[in-house]
Structure formats: C-alpha cells, structure tokens
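**Student:**
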Amino acid sequence: MNTRKHLFKSLKICPFPISLVVRNQHAERSFSMSSPLLKESRRFAPLGTDAGGELPQLKGIVFDVDGTLCIPQTWMFGQMRSALGIDKSRDILDHIHSLPTSEQEAAQEKIRAIERSAMISQEPQPGLQSLMEYLETRKIPKGICTRNFEAPVTHFLEKFLTGKEFKPIVTREFKPPKPSPAGILHIAKSWGFVGKDGKEGDASQVIMVGDSIDDMTAGYTAGAATVLLVNDVNAHLENHEHTDLVVSQLDELIEILEKGFVGKIGRGEDSDTGARAEGVLKNGKAEGVTSN
1379 MNTRKHLFKS LKICPFPISL VVRNQHAERS FSMSSPLLKE SRRFAPLGTD
1429 AGGELPQLKG IVFDVDGTLC IPQTWMFGQM RSALGIDKSR DILDHIHSLP
1479 TSEQEAAQEK IRAIERSAMI SQEPQPGLQS LMEYLETRKI PKGICTRNFE
1529 APVTHFLEKF LTGKEFKPIV TREFKPPKPS PAGILHIAKS WGFVGKDGKE
1579 GDASQVIMVG DSIDDMTAGY TAGAATVLLV NDVNAHLENH EHTDLVVSQL
1629 DELIEILEKG FVGKIGRGED SDTGARAEGV LKNGKAEGVT SN
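Its first residue numbered 1379, the sequence shown is counted upward by one per residue in my numbering.
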C-alpha cells in the first residue's frame, strides 16, 4: 500500500469545452462535456466545531466497493475476461451489453460465478470501521455505487459492516453503470438533494470515494467531489484532472472532514453540471438499486 499522504493538492485550472475520453483497463469511452473555465476548488465546511462560515456543507458520501470498502481483488478481472473470451482492450460490462439480448444473461452468470467465489475471501480496508463510525456520528448519509452485482455487496456489508446503513445501493444492474454519472445522480436524487436551480439530483455537496478512473470520472461528471483511495496499482490517478483529493487509508478522511475538505480541481458556479444531471437522470434506469 502506498503510504504517502496527499491531503491537499494544488489548484488545477482546466478550460472547456472538451470531449472527454475515458480509458479504463485499455477500454475507451467518451463523455461530452461543455463546462466553461473552472475557477475555484471544491470546498466543504468543517464537520468539527468550526461552522466554516459560508462554505457549503457536506451532505453525503458515495462509496465504491471492491478496492474501496474492501481490499482489491483485481485477479477477478482476468478470470472474467477469460470466461468471456475477451482481452484487456474490451471493458467487461460494455462487452456484455453489446451481446445479443439472448446471450447477455449467460455472460452475466459467468462473471457472477467468479464474484461469488471471490466474495468468500473479501477483507475490509484499513480504517473502514473508524470512518463508518465517524460518519454515523456526524449523521452523514452513505450510499454505494458499484459495478459489482448485489450478492458480494450484501455479503461484505453483513460480514464487516453489520448495522451500518448504506442507502441506496446502486449495483451494476443500474444502467448506465460507471463511469457514467447516472448512479451517483440517482443517489443524490433519492436523498432529496436539489440544486440552486431547483433541479433534483444535485451532487455538488456529495463526495465520491473510489479507487478507479471509473469512480473519479463518474463523480466528476456528476458534479461531486472525488477522493481516490490510492494503492500501488492506481497511483497514476493521483494527479488526474478528475481526482480532487487522495488518501492512502480510509480513516484519513476523518481529519480532512473535521477540518474542512479542500479539493484541487477548480470548478465555477456557472458550470453545466445541473444540465448534465437532468439529462442523465432522465436516461438512467433504477432496476439495479437496492436498500440496505
């Protein structure tokens, strides 16, 4: 595990419009973005005794599962690709969704079988319990947005986080999956978060915590702040334009949230996050959402 602590990053200014191409395990997917020049970094008021003045309050946190709540089980992906007969140039879920409808369920079952086998050896990330207890003390809502299916998520929560509430839980049956922002926006809408423009599903006061480019991009395009849980495999994402903050252990977030979150990505109030959110919410399907 990379033990370097990167609590605060320098401000990065990014001009828009751009056409964003996401590379995930050598698979490319594009998202159209047309935000204007980004100005100020994302900040949230301290959750501690200092009220933070006029800074926005953190309203909720969304977590990925594999590699974030639990220790990464990256070996699964090689087995899944082998079972499906694809190489690293192809995203697993993109491949399955491209198959004829009559073949998709059989393909899904192949990768579900691998996940069922892997969930037996799930291990929690260091600092998990401390962070969850802190968030419950501070009454911060917690949700999950994952590309896993429901069984390994339920298994992990029942084994390691009994009594801790995560609601809603968005699994890969939700379409479109990450790196689309749809799942995060759905969670924000279910929490009743409304933007300054009155539109439902505002994620501007939400943090997405994950370990992959899918997590960072989903959070960024949803308008949420992003936190990367860094390890030896994903260290190249530390300075990615979609990464607001980097931690090497989950409980590092406690001090960050107590003192006030400060991200490195500049974002202006005149960005088009609200418009993107409205469009995605109309297209996203919620059949992959469960409640804990």
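We put the beta carbon where it would ideally sit given N, CA and C, even for glycine.
Which residues mark the beginning and the end of the alpha helix (DSSP H) in which residue 1597 is found?
**Tutor:** Run containing residue 1597: 1591-1600, per the alpha helix (DSSP H) assignment.
**Student:** Can you name the residues that DSSP bridges to residue 1441?
**Tutor:** Paired residues: 1522 and 1587.
**Student:** What are the boundary residues of the alpha helix (DSSP H) that includes residue 1419?
**Tutor:** Per DSSP, residue 1419 belongs to no alpha helix (DSSP H); it is in the beta strand (DSSP E), 1418-1421.
**Student:** Quick check on residue 1620: buried or exposed, where buried means 16 or more other Cβ atoms within 10 Å of its Cβ?
**Tutor:** So residue 1620 ends up on the buried side.
**Student:** Can you name, in chain order, every residue of its own chain whose Cβ lies under 6 Å from the Cβ of residue 1464, other than the five neighbours on each side?
**Tutor:** The answer, listed in chain order, is 1473.
**Student:** Identify the continuous beta strand (DSSP E) that holds residue 1624 and give its terminal residues.
**Tutor:** Residues 1623-1625.
**Student:** Quick check on the burial criterion: 16 or more other C-beta atoms within 10 angstroms. Buried or exposed for residue 1491?
**Tutor:** Exposed, by the Cβ-count rule.
**Student:** Inspect the beta-carbon positions of residue 1587 and residue 1608 and report whether they are closer than 8 Å.
**Tutor:** Not closer than 8 Å, so no.
**Student:** Could you pull out every residue in the same chain whose Cβ sits closer than 6 Å to the Cβ of residue 1582, ignoring the five residues on either side in sequence?
**Tutor:** The answer, listed in chain order, is 1601.
**Student:** So which of 1439, 1511, 1571 and 1548 has the shortest CA-CA distance to residue 1538?
**Tutor:** Closest option to residue 1538, Cα to Cα, is 1511.
**Student:** Per DSSP, which residues does residue 1606 bridge with? Please list them.
**Tutor:** The partner list for residue 1606 (beta bridge, DSSP) reads 1588 and 1624.
**Student:** Distance check for residue 1482 and residue 1452, CA to CA, integer angstroms please.
**Tutor:** Between residue 1452 and residue 1482, the C-alpha separation is close to 23 Å.
**Student:** Report the partner residues of residue 1502 according to the DSSP bridge assignment.
**Tutor:** Per DSSP, 1448.
**Student:** Residue 1432 bridges to which residues according to DSSP?
**Tutor:** DSSP lists no partner for residue 1432.
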